[in-house]
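Trainee:
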Ligand SMILES: *Cc1c(COP(=O)(O)O)cnc(C)c1O
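Numbering (this note's numbering), first residue to last: 1 to 501.
1) Can you give me the C-alpha to C-alpha distance between residue 129 and residue 137, rounded to a whole angstrom?
2) Report all residues for which the CB-ligand distance to some heavy atom of ligand 1 is below 5 Å; order them along the chain.
3) Quickly, what does DSSP pair residue 166 with across the bridge? List them, please.
4) Which residues does DSSP list as the beta-bridge partners of residue 296?
5) Would you check if there are 3 or more beta carbon pairs closer than 8 Å linking the stretch 367-387 to the stretch 299-317?
6) So, helix, strand or coil for residue 451, using DSSP?
7) Could you check the C-alpha separation between residue 95 and residue 313 for me, to the nearest Å?
8) Below 8 Å, can you find three or more Cβ-Cβ pairs linking the stretch 402-417 to the stretch 446-456?
9) Can you tell me where the alpha helix (DSSP H) with residue 403 in it begins and where it stops?
10) So for residue 115, helix, strand or coil by DSSP?
11) What number of angstroms, rounded off, separates the C-alpha of residue 280 from the C-alpha of residue 36?
12) Among residues of its own chain, excluding the 5 on either side of residue 327, which ones have a beta-carbon nearer than 8 Å to its beta-carbon?
13) With distances taken from CA atoms, which of 387, 430, 120 and 332 is nearest residue 446?
14) On the DSSP bridge assignment, give the partners of residue 56 in chain order.
15) Under 8 Å Cβ to Cβ from residue 479, same chain only, skipping five residues before and after it: list those, please.
16) For residue 404 versus residue 431, is the C-beta distance shorter than 7 Å?
17) If I measure Cβ to Cβ from residue 97 and keep anything under 7 Å in the same chain, skipping five residues before and after, which residues do I get?
18) Once the 5 residues before and after residue 6 are set aside, which same chain residues still bring their CB inside 7 Å of it?
19) Express the C-alpha separation of residue 439 and residue 176 in angstroms, rounding to a whole number.
20) Could you name the residues of the same chain whose beta carbon sits closer than 6 Å to that of residue 16, not counting the 5 residues immediately before and after it, in chain order?
21) What separation, rounded to the nearest whole angstrom, lies between the Cα atoms of residue 233 and residue 254?
22) Hey, residue 183 and residue 193: beta-carbon distance below 7 Å or not?
23) Taking Cβ to Cβ, would you say residue 181 is nearer than 7 Å to residue 476?
24) CB-CB under 7 Å to residue 107, same chain, minus the five flanking residues each way: which ones, in chain order?
25) What residue range is occupied by the uninterrupted alpha helix (DSSP H) comprising residue 284?
26) On the DSSP bridge list, what partners appear for residue 313?
27) With a 10 Å radius around its C-beta and 16 neighbouring C-beta atoms as the bar for buried, classify residue 383 as buried or exposed.
28) State the CB to CB distance for the pair residue 68 and residue 60, rounded to an integer number of angstroms; the pair is presumed to be in contact (CB under 8 Å).
29) Under a three-way DSSP split, which group does residue 104 fall into?
30) If you reduce the DSSP assignment to three classes, tell me which class residue 3 lands in.
31) For the alpha helix (DSSP H) containing residue 95, list its first residue and its last residue.
32) Taking all protein chains shown into account, do 16 or more other C-beta atoms lie within 10 angstroms of the C-beta of residue 461, making it buried, or fewer, making it exposed?
33) Could you say which of 41, 62 and 76 lies nearest to residue 51 if we only look at CA atoms?
34) Compare the C-alpha of residue 469 against each of 191, 494, 444 and 433 and name the closest.
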């Protein structure tokens with residue numbers, strides 16, 4: 001299996017090259033040129049295996065340069081029980097909400113309590129092996145600009161991984177108290193964290209500039225190093241996410257919830273950069289019986305409009321919401337979907353992306369819109385509705401969900417009411433622990449927040465609801481702060497070089 005580029009269908013690279021390189025030289029993304037197919041018998045077989053074997057089997061179909069044994073080794077390391085508490089890394093929690101046939105897929109049992117661990121625990125293994133397989137003998141320097149969850153998940157994934165170093169920049173006043181603490185106490189011999197005096201855009205712009213700065217690149221090369229990215233444009237981050245959709249269906253088979261071969265499910269995903277829901281689309285194309293993919297957005301509802309009208313328009317106000325990991329106006333992984341829906345018409349896709357870059361807007365043709373509308377149902381809700389949903393889920397179902405998951409639950413309700421489909425078993429993807437967003441969740445459940453300290457809020461929420469606090473969050477309180485450095489945004493390149501000394 002080879003990978004092609006979304007902006008130049010003639011370009012072909014191997015799987016290891018796609019992962020080592022991350023992004024194509026022309027700015028396009030790598031996509032598999034064909035997809036493996038799974039039958040109901042395959043799913044029955046997978047349903048008897050533990051998560052790590054499901055992962056090795058599915059990933060092996062996409063990575064011909066890796067053996068299944070090698071991938072099982074990677075999966076065993078990535079999803080080790082000391083990293084993911086409580087049995088399966090991606091457990092399905094059964095919740096029948098009123099008349100709705102709903103299951104919650106909890107993807108936040110990893111070291112940083114957000115779903116990004118599912119991919120960022122695996123990526124370092126895939127990346128370091130891909131570099132070896134493509135004959136690149138250099139230390140990979142991972143540079144990350146983060147607005148919250150990605151930075152911590154990348155730090156945990158790459159910490160003490162041989163042949164890598166990781167540097168994370170975050171905006172000094174742009175992350176939550178818990179997120180800042182998570183990064184400042186980061187352990188590991190190959191990690192560094194620096195705040196910047198600026199906002200997230202400044203951090204992101206600074207990192208992009210360093211990536212392409214020839215002088216910095218040269219200094220790195222002289223020391224046997226090269227830059228690499230842990231961003232969700234890398235295929236090595238998307239692939240591990242396909243696995244948990246199969247795994248959820250297998251668990252439904254195993255527990256007898258699937259009544260007959262081929263019975264379809266809906267999947268509801270709280271969406272930002274379109275990576276997670278794109279993985280669900282791939283699973284559907286590979287034969288997983290999926291009826292509708294429901295795309296849930298917050299007030300930054302650019303995707304809702306696009307999936308309904310075919311017009312993508314980022315020229316709109318940016319809203320800072322209580323589900324910050326979904327506060328995105330340019331969803332980069334959408335480009336991969338458009339490539340597949342146009343049967344690999346890379347010229348058309350490149351045209352849309354050019355238009356997005358130049359005017360902030362593009363409009364797809366009627367055939368592509370028809371395909372989008374057949375596959376996806378899209379909706380959004382604001383902060384007020386998000387809090388109401390957290391409140392209602394807790395009061396009526398005794399289930400505590402975070403601010404991102406609540407958006408998905410709310411939009412699923414809208415989908416069922418709008419389409420009349422409340423019977424299809426529906427997997428709602430839960431992307432973060434409620435304790436990562438304790439202030440908003442506490443306010444939603446109790447109506448007010450009395451404590452000003454983040455750990456007191458966690459305690460208050462846990463005392464009130466009885467929902468267990470994840471170990472990694474409890475452990476943060478007693479860890480020593482290691483990184484308090486901050487720098488002006490103009491000095492980021494110098495900071496990178498000095499941190500690499
Ligand atoms: C990153 C993130 C999302 C959005 O996922 P995408 O793959 O970017 O669509 C949703 N919820 C949480 C908690 C996240 O960290």
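The beta carbon of each residue, even a glycine, is placed where N, CA and C say it ideally should be.
Quick caveat, the model's predicted, so the values are computed rather than measured.
Mentor: To lay it out plainly:
1) 11 Å
2) 114, 149, 270, 271, 272, 273, 275, 276, 325, 404, 431 and 432
3) 142 and 191
4) 270 and 379
5) yes
6) coil
7) 36 Å
8) no
9) 403-419
10) coil
11) 14 Å
12) 147, 272, 298, 300, 318, 319, 320 and 321
13) 387
14) Residue 56 pairs with nothing; no bridge assigned.
15) 185 and 187
16) yes
17) 397, listed in sequence order.
18) 28, 29, 31, 335, 336, 339, 346 and 349
19) 10 Å
20) 65, 130, 133 and 134
21) 33 Å
22) yes
23) yes
24) 90, 115, 118, 244, 429, 430 and 431
25) 275-285
26) Secondary-structure assignment with DSSP links residue 313 through a beta bridge to 361.
27) buried
28) 4 Å
29) strand
30) Strand, per DSSP.
31) Unbroken run through residue 95 is the beta strand (DSSP E), 92-95; no alpha helix (DSSP H).
32) Its Cβ being crowded by 16 or more others within 10 Å, residue 461 is buried.
33) Here the closest residue by C-alpha is 76.
34) 433
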